[in-house]
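Some notes on the structure that comes next.
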Amino acid sequence: MALYFSYNQKTYSERQFNKQLERVKSFGFDGLFFPVANANTIGHSTKERKILPFWNMIAQAKSAGLKTGIKLQCFQNRVLYQNDSFTPPMNYLGVTYVPKSDYYPVCPNNPDGLKTFYNITDLIANNTFLDFIYLEHFRFPFYWEKEELDIQNRIPPFCYCPFCVTEFSSVVGEIISTGEQIQSMMPEWLEWRTEVMFSLLSYIQEKVPNSVQIIVALPPLSLIDLPFTTGQLPQGLIEEGCFLSPQLHHKVKAKNLAWIEDLLDQYQLDLRIRRLIPSFEYGNAEEFEYLAKLEKKYSGIIFCPLPDAM
Ligand SMILES: [Zn+2]
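The numbers in the sequence shown follow the numbering used here, run straight up by one, and end at 402.
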């Protein structure tokens, strides 16, 4: 079984980075995930900032015997919000999202968002060093870190932007213009949203080699609420060959470790297969040890952030 943690790019020389890789292995980790926020992360030569070129780091980790993955920010992009032409997601009442923190959601039907998504997928396609692609924010916007996880409101929070409404209208063959109309067609709306996500997934699947495992991050919602809230259909994603990574970040939700086990039990029971690579965060060495024990039950674990000792 594998144990993973996500790795932030630091200012390393090749030699320093090799030393870090040795330390990673000495902690018992089998692999690293490199965060990719946008195409600049992997495209730029970063010599002047003394950052090793992205693909060099991955190749180096691979030749050190570690598995490698990239953690892709799919529909979350701070840079896009600086473009005048960009329109943020829109809620049921037609109000556009205004970022108040570091969450910059992008609608999966937004043309600028899609362009970015296709670009970055093309950039990572055919890289032979990659074992995993971790799709973060691969969903309709939902700020789970701040929102209630018990979904009381029976209307998905996002997205009702003009691109969504137009696209949905063309699928159902009638002009939809109001929230009330959408509410009366909720089953069709929900089905259409999951199909949007599946067609984006097939774009990735066509681009990357079969040897690359695709992991889809899920907010820590109950399974029944996921498709409704985010457009992610867990069982369908598994049937498409993906691994699922519920993000069980208990600290951010002010929950205890029992909350993690409860959710995992539910996922185990309902999905019935070992396709889970849960993502954890931890606060201290004790929690780290506790969570590492869960590793045996699953295909792998992604820890974020790093142990202090790193
Ligand atoms: Zn939209």
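All residues carry an ideal CB built from backbone N, CA and C; glycine is no exception. Predicted, not measured: the structure shown is a model, and the values here were computed from it.
H342 and L386 have their alpha carbons spaced roughly 15 Å apart. When the beta-carbon positions are compared, G123 and L158 come within less than 8 Å of each other. The Cβ-Cβ distance between R231 and T322 falls below 8 Å.
Closer than 7 Å to some heavy atom of ligand 1: that does not describe the Cβ of P180. When the beta-carbon positions are compared, N130 and N169 come within less than 8 Å of each other. The C-beta separation of F146 from T133 comes to about 6 Å, placing the pair in contact by the 8 Å criterion. In terms of CA proximity to Y184, P233 leads the group G205, P233, Q174.
Distances from the CB of F255 to the heavy atoms of ligand 1 include at least one below 7 Å. In summary, R285 is buried, with 16 or more beta-carbon neighbours lying within 10 Å of its beta-carbon over all protein chains present.
Put simply, of I225, E114, F97, I150 the residue whose alpha carbon is nearest the alpha carbon of Q297 is I225. Boundaries cannot be given for E373, as no beta strand (DSSP E) includes it and DSSP labels it neither H nor E.
In terms of side-chain proximity, the C-beta atom of N202 is found nearer than 7 Å to a non-hydrogen atom of ligand 1.
Across the set P249, L340, L315, the C-alpha of P249 shows the shortest separation from the C-alpha of M182. Residue environment: M278 is assigned as exposed (fewer than 16 neighbouring CB atoms within 10 Å of its CB, all protein chains considered). Residue V128 holds the alpha-carbon nearest to the alpha-carbon of F209 among F380, V344, V128. The bridge partners DSSP lists for F395 are F97, F372.
Rounded to whole angstroms, the Cβ separation of L95 and G392 is 7 Å, and the two are in contact under 8 Å.
In this structure, the straight-line span from the alpha carbon of T179 to that of N202 is close to 8 Å. Taking 7 Å as the cut-off, the C-beta of C251 counts as close to a heavy atom of ligand 1. Within the region 199 to 257, the alpha helix (DSSP H) runs of at least 4 residues that lie entirely inside it are, in chain order, 203 to 216.
Among the bridge pairs identified by DSSP, M182 is matched with T188.
The continuous stretches of beta strand (DSSP E) do not include A151, which lies in the alpha helix (DSSP H) extending over residues 146 to 155. Closest option to K389, judged by alpha-carbon separation, among C199, Y359, L222, N219: Y359. For L361, no pairing in a beta bridge is given by DSSP. In this structure, the beta-carbon distance from W281 to F260 falls below 8 Å. At least one heavy atom of ligand 1 sits closer than 7 Å to the Cβ of C199.
Counting only the Cα atoms, R366 lies some 17 Å from F372. T160 has L124 as its beta-bridge partners, per DSSP. When beta bridges are read from the DSSP output, F109 appears opposite no residue.
Between the region 256 to 271 and the region 327 to 347 there are fewer than three C-beta pairs closer than 8 Å, too few to call the two in contact. In the DSSP assignment, P197 forms a beta bridge with Q168. Exclusion of the five residues before and after C334 leaves I306, V308 as the residues of its chain whose Cβ lies within less than 6 Å of its Cβ.
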